Amino acid sequence: MRKAMISALCGIGFAAAATPAAAADMQQGFLPLDLAMEAAAEGIRVCEDHGWHVTVTVVDAGGNIKLQAKGDGSTIHTKDASFRKAYTVVTMGPIFGFTVLGDWVEQLKTNPYAATYATLPNLFLLPGAVGVKIDGEMVAAIGVGGAPGGGNDEICAKAALARIADRLN
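The sequence shown begins at 14 in the working numbering and counts up by one.
The structure is reproduced here in structure tokens:
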């Protein structure tokens, strides 16, 4: 039943993504809701295939929640983790030049001031999010929380982005 619902959601997203309105939205520099829904469903599906119960959050360029999808069996803290990961990418990525949170986390391992970033509101220094770019501009981010280890969350976030990547330009 769950897989059928995810498949239906993905099908709806495909149909809506082909509309002129979706194309117009992308030209205005933001991720349309139908693509955000499709990406979130794919992130949850990939994690579920591994037995991981997650929440996927998509934020806009300002760090505001555009969509949050709590997968079946995911725990309450996954909503905060997925949001904070996406927020970190969309707010810090343009400054420090990264689109994959795990890449920045690796860079911070040699930065003596890394702990300072963790004190800023809503930042989360654990892999599990990717930025969404349209024409080189960061317009959104996809965060995943709930898989064991941030690297596993990032697998699902990358799969979510890959699902919609061909329709971002």
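C-beta atoms are modelled at their ideal positions from N, C-alpha and C, and glycine is treated no differently. All figures in this text were calculated on a predicted structure; none of them were measured in a lab.
With 16 other Cβ atoms within 10 Å as the buried cut-off, status of residue i
{"i": "Thr101", "result": "buried"}
{"i": "Glu119", "result": "exposed"}
{"i": "Asn182", "result": "exposed"}
{"i": "Thr91", "result": "buried"}
{"i": "Thr70", "result": "buried"}
{"i": "Ile168", "result": "buried"}
{"i": "Phe109", "result": "exposed"}
{"i": "Leu133", "result": "exposed"}
{"i": "Gly162", "result": "exposed"}
{"i": "Asp179", "result": "exposed"}
One or two residues paired with residue i in a DSSP bridge
{"i": "Met151", "result": "Lys146"}
{"i": "Asp73", "result": "Ala153"}
{"i": "Ile78", "result": "Val72"}
{"i": "Gly158", "result": "Thr68"}
Rounded separation between residue i and residue j - CA only
{"i": "Leu114", "j": "Gly86", "result": "25 angstroms"}
{"i": "Asn77", "j": "Thr123", "result": "30 angstroms"}
{"i": "Ile177", "j": "Ala128", "result": "34 angstroms"}
{"i": "Ala160", "j": "Met50", "result": "20 angstroms"}
{"i": "Leu48", "j": "Gly156", "result": "15 angstroms"}
{"i": "Val145", "j": "Gly75", "result": "13 angstroms"}
{"i": "Lys79", "j": "Ala153", "result": "9 angstroms"}
{"i": "Pro45", "j": "Pro125", "result": "39 angstroms"}
{"i": "Trp189", "j": "Phe111", "result": "There is simply no residue 189 to check, as the chain begins at 14 and stops at 182 in what is shown."}
{"i": "Ala54", "j": "Lys98", "result": "18 angstroms"}
{"i": "Thr88", "j": "Met151", "result": "29 angstroms"}
{"i": "Ser95", "j": "Ala175", "result": "18 angstroms"}
{"i": "Ala142", "j": "Ala82", "result": "14 angstroms"}
{"i": "Gly158", "j": "Thr104", "result": "18 angstroms"}
{"i": "Ala34", "j": "Gly84", "result": "At Ala34 the pLDDT is 43, less than 50, meaning the model places this residue with poor confidence; the figure from the coordinates comes in the next sentence. Their Cα atoms are separated by approximately 28 angstroms."}
{"i": "Gly106", "j": "Tyr130", "result": "13 angstroms"}
{"i": "Asp73", "j": "Gly149", "result": "15 angstroms"}
{"i": "Cys60", "j": "His66", "result": "7 angstroms"}
### Query
What are the start and end residues of each continuous alpha helix (DSSP H) run of 4 or more residues lying completely inside the segment 83-122, in chain order?
90-109, 114-121
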